[in-house]
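**Q** Numbering (the working numbering), first residue to last: 93 to 317.
Where a beta carbon is used, it is the ideal one built from N, C-alpha and C, also for glycine.
It should be emphasised that the depicted structure is a prediction, and the values quoted were computed from it without experimental measurement.
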Amino acid sequence: MSTDTGTAFTQALWEEITPIFEAIVDHPFLAGIADGSLPPERFVYFVEQDRLYLRAYSRALSYTAGHAEDPGDTAVFTGSASNAIAVEAGMHRELLSGLGADPEASREELSPSGELYVQTILSQTARGPFADALASVLACFWIYAEVGKEMKQKGSPEPSYQRWLDTYGDPRFAETVAQVLAIVERVGAESSESQRERFAAIFARGCRLEWMFWDCAWREETWPI
Numbered sequence: 093m094s095t096d097t098g099t100a101f102t103q104a105l106w107e108e109i110t111p112i113f114e115a116i117v118d119h120p121f122l123a124g125i126a127d128g129s130l131p132p133e134r135f136v137y138f139v140e141q142d143r144l145y146l147r148a149y150s151r152a153l154s155y156t157a158g159h160a161e162d163p164g165d166t167a168v169f170t171g172s173a174s175n176a177i178a179v180e181a182g183m184h185r186e187l188l189s190g191l192g193a194d195p196e197a198s199r200e201e202l203s204p205s206g207e208l209y210v211q212t213i214l215s216q217t218a219r220g221p222f223a224d225a226l227a228s229v230l231a232c233f234w235i236y237a238e239v240g241k242e243m244k245q246k247g248s249p250e251p252s253y254q255r256w257l258d259t260y261g262d263p264r265f266a267e268t269v270a271q272v273l274a275i276v277e278r279v280g281a282e283s284s285e286s287q288r289e290r291f292a293a294i295f296a297r298g299c300r301l302e303w304m305f306w307d308c309a310w311r312e313e314t315w316p317i
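What follows is the structure in structure tokens.
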């Protein structure tokens with residue numbers, strides 16, 4: 093775990109999902125980004141889907157902020173919600189344009205896997221409590237930070253792919269994730285064993301959904317009917 097808090101609860105969480113993370117970084121979609129062989133239409137599909145996902149994720153982060161009792165926690169998640177909107181408006185448009193796709197003509201329907209991910213995080217974060225909401229949004233923070241750190245070292249010969257890697261390998265993003273992990277550690281320390289087990293299960297499900305999101309882009313998944 094490279095985004096290391098050096099503390100027991102987060103360490104245990106990461107150890108449990110390590111096989112999922114390894115499957116993510118070994119996925120042909122991400123391998124194709126690293127060596128530049130990923131067909132551009134699959135990356136366009138991913139970016140179009142990610143635009144739609146981030147709209148929902150921003151709402152999920154706002155819900156999470158609403159459940160927080162600590163003003164500092166609220167600030168972390170409201171700030172992240174604003175940043176998710178900025179990424180959609182900025183980087184995604186830049187990536188689509190750089191690959192010859194029209195940002196104004198992009199898909200406006202989530203894939204089945206994307207819809208499952210969105211509905212999962214929205215329902216969990218809307219209901220709360222704070223610990224459940226935090227566990228639900230954690231995978232996107234943590235997995236992207238680790239993928240960005242690992243893959244930025246490899247780089248990509250395709251400029252658009254490298255631009256994407258640079259965003260999630262940015263030290264400023266790592267700082268935000270470190271703040272979130274500190275909150276996670278505190279929540280874990282304040283929780284019972286059964287609550288920590290529930291947190292771990294929700295987080296692990298989010299990690300599986302992250303894998304599914306990249307896999308659906310690799311397959312250019314469509315609705316069967």
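Could you spell out the range, first to last residue, of the alpha helix (DSSP H) harbouring Ala293?
**A** That run of the alpha helix (DSSP H) goes 285-311.
**Q** Can Gly326 and Leu214 be called in contact, C-beta distance under 8 Å?
**A** The requested residue 326 does not occur in the structure, where the chain is confined to residues 93 to 317.
**Q** Excluding five sequence neighbours on each side, which residues of the same chain lie with their C-beta closer than 7 Å to the C-beta of Arg300?
**A** The answer, listed in chain order, is Ile112.
**Q** Along the chain, where does the alpha helix (DSSP H) containing His184 start, and where does it finish?
**A** From DSSP, the alpha helix (DSSP H) with His184 extends over 183-190.
**Q** Quick check: what's the CA-CA separation for Thr102 versus Asp118?
**A** Their backbone Cα atoms lie some 23 Å apart in a straight line.
**Q** So for Ala193, helix, strand or coil by DSSP?
**A** Coil at Ala193, not helix or strand.
**Q** With 16 other CB atoms within 10 Å as the buried threshold, where does Glu107 fall?
**A** Per the 10 Å Cβ criterion, exposed.
**Q** Assuming Leu191 contacts Ala173 (C-beta within less than 8 Å), just tell me the rounded distance between them.
**A** At roughly 27 Å, the Cβ-Cβ gap does not stay under 8 Å, so Leu191 and Ala173 are not in contact.
**Q** So the candidates are Phe138, Ala223, Arg185; which of them puts its Cα closest to the Cα of Thr166?
**A** It is Ala223 whose Cα lies nearest to the Cα of Thr166.
**Q** How long is the line joining the alpha carbons of Ala178 and Ser203, rounded to whole angstroms?
**A** Ala178 and Ser203: Cα-Cα distance of roughly 23 Å.
**Q** Which residue comes first and which comes last in the alpha helix (DSSP H) that contains Glu201?
**A** No alpha helix (DSSP H) holds Glu201; DSSP gives it neither H nor E.
**Q** Let me know if Trp234 comes out buried or exposed under the rule of 16 or more other beta-carbons within 10 Å of its beta-carbon.
**A** Buried.
**Q** Let me know if Arg143 comes out buried or exposed under the rule of 16 or more other beta-carbons within 10 Å of its beta-carbon.
**A** By the neighbour-count rule (16 or more Cβ atoms within 10 Å), Arg143 is buried.
**Q** How many Å lie between Ser286 and Phe295 at the Cα?
**A** Approximately 14 Å, taken between the alpha carbons.
**Q** Return the CA-CA distance between Thr97 and Ala270, expressed in angstroms with no decimal places.
**A** Because the pLDDT of Thr97 is 43, which lies under 50, any placement of that residue in the model is unreliable, and the number read from its coordinates should be weighed accordingly. Looking at the two C-alpha atoms, the distance is approximately 7 Å.
**Q** Should Ala227 and Phe291 be called a contact, given that it needs their Cβ atoms to be closer than 8 Å?
**A** In contact: Ala227 and Phe291 (Cβ atoms closer than 8 Å).
**Q** Distance check for Cys232 and Met243, CA to CA, integer angstroms please.
**A** Their backbone Cα atoms lie some 16 Å apart in a straight line.
**Q** If contacts are defined as beta-carbon pairs under 8 Å, then Tyr137 and Ala218 qualify, I think. What distance do you get, rounded to the angstrom?
**A** That pair is no contact at about 28 Å.
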